[in-house]
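First up is the structure itself, then whatever we jot down about it.
Residue numbers (this note's numbering), protein chains in the order written: chain A, 11 to 182; chain B, 378 to 474.
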């Protein structure tokens, strides 16, 4: 029950604040509708309203993250024990790059060049995590991303030439 | 017939593979004392596979990542090219001396 109440309050805050701030701006325009457009945009309250709208926009933009974090904290405080003190679930490093590489490059390039690069990144990262060397893990992650993009840049001209040749051969 | 050529990195990779057998890309980087870089080792290995100097096979991993590891080994042709290349280099060096 406490969890449900907490969730309700969090949702009211998260959705209420941007809602109010978005309402404030049109309300201001409506109440000053007799003024010229120049006068409206030079009014003394305008910067404040714009700032409120901006805050609302930022909150709305990242509301999912807010909601997920708030939910996790609420579960920790009031919820079931199985959540315990575990942090949020993290995507392994290189997962998004793997999807990108698989989509962008040929199967051969992906299998022979890019997947092993990402595999090495994952291996080194997990090894550093196992050794409880968090800074090393962060460094490995950065170095792994650098290696991946180096491989992409080194491979790009070869892939481009191959693609042009394939198209030329097909249309000849 | 076109005479096969080996770059410095290709020679190093072939030397390591002939000396130590099958190796992963990361092992090659670690064994090379900084001469091979993580970002380009697979590009070089891919080029060598195109030329027929090396071949590779995947080793499935049980960590659930869905990403297999790739082991590289020299082909017979690659080993012969390395031997010929080293003989040629040696004879040129001896000739200079």
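For glycine and all other residues, C-beta sits at the position ideal for the given N, C-alpha and C. Source: prediction; values computed, not measured.
Could you check where the alpha helix (DSSP H) with residue i kicks off and where it finishes?
i	result
residue 123 of chain A	No alpha helix (DSSP H) holds residue 123 of chain A; DSSP gives it neither H nor E.
residue 162 of chain A	144–181
residue 418 of chain B	415–428
residue 412 of chain B	Segment: none, residue 412 of chain B is in no alpha helix (DSSP H) and carries neither H nor E.
residue 109 of chain A	105–114
Here's the rule: buried if 16 or more other CB atoms are within 10 angstroms of the residue's CB, otherwise exposed. What is residue i?
i	result
residue 126 of chain A	buried
residue 449 of chain B	buried
residue 104 of chain A	buried
residue 458 of chain B	buried
residue 433 of chain B	buried
residue 436 of chain B	exposed
residue 418 of chain B	buried
residue 181 of chain A	exposed
residue 400 of chain B	buried
residue 65 of chain A	exposed
residue 431 of chain B	buried
residue 19 of chain A	exposed
residue 40 of chain A	exposed
residue 170 of chain A	exposed
residue 37 of chain A	exposed
residue 114 of chain A	exposed
residue 439 of chain B	exposed
residue 119 of chain A	buried
Which residues share a DSSP beta bridge with residue i?
i	result
residue 467 of chain B	The partner list for residue 467 of chain B (beta bridge, DSSP) is empty, contrary to what the question assumes.
residue 454 of chain B	DSSP, once it has assigned bridges, lists no residue as partnering residue 454 of chain B.
residue 400 of chain B	B:449
residue 387 of chain B	Residue 387 of chain B is not bridged to any residue.
Could you give the C-beta distance for residue i and residue j, rounded to a whole number, given that I count them as a contact under 8 Å?
i	j	result
residue 21 of chain A	residue 84 of chain A	That belief does not hold up - the Cβ atoms of residue 21 of chain A and residue 84 of chain A are roughly 11 Å apart, past 8 Å.
residue 386 of chain B	residue 421 of chain B	5 Å
residue 130 of chain A	residue 402 of chain B	6 Å
residue 175 of chain A	residue 151 of chain A	Contact flag wrong, Cβ pair sits at about 36 Å.
residue 416 of chain B	residue 160 of chain A	3 Å
residue 107 of chain A	residue 128 of chain A	6 Å
residue 413 of chain B	residue 462 of chain B	So it is not a contact: roughly 18 Å between Cβ atoms.
residue 80 of chain A	residue 62 of chain A	The Cβ separation is near 21 Å, so there is no contact.
Which stretch, first to last residue, makes up the beta strand (DSSP E) that contains residue i?
i	result
residue 101 of chain A	No beta strand (DSSP E) holds residue 101 of chain A; DSSP gives it neither H nor E.
residue 379 of chain B	Premise fails: residue 379 of chain B is in no beta strand (DSSP E) and is neither H nor E.
residue 434 of chain B	431–436
Does the structure place the region 155–171 of chain A close enough to the region 452–460 of chain B that three or more beta carbon pairs sit under 8 Å? no
Segment contact, 8 Å Cβ cut-off, at least three pairs: the region 378–395 of chain B with the region 404–417 of chain B: Taking a cut-off of 8 Å on C-beta distances, the region 378–395 of chain B touches the region 404–417 of chain B, as three or more cross pairs fall below it.
For the pair the region 380–391 of chain B and the region 424–434 of chain B, tell me if three or more CB-CB distances fall below 8 Å. These segments touch.
Using a Cβ distance threshold of 8 Å, determine whether the region 118–125 of chain A contacts the region 159–167 of chain A, with at least three qualifying pairs required. These segments touch.
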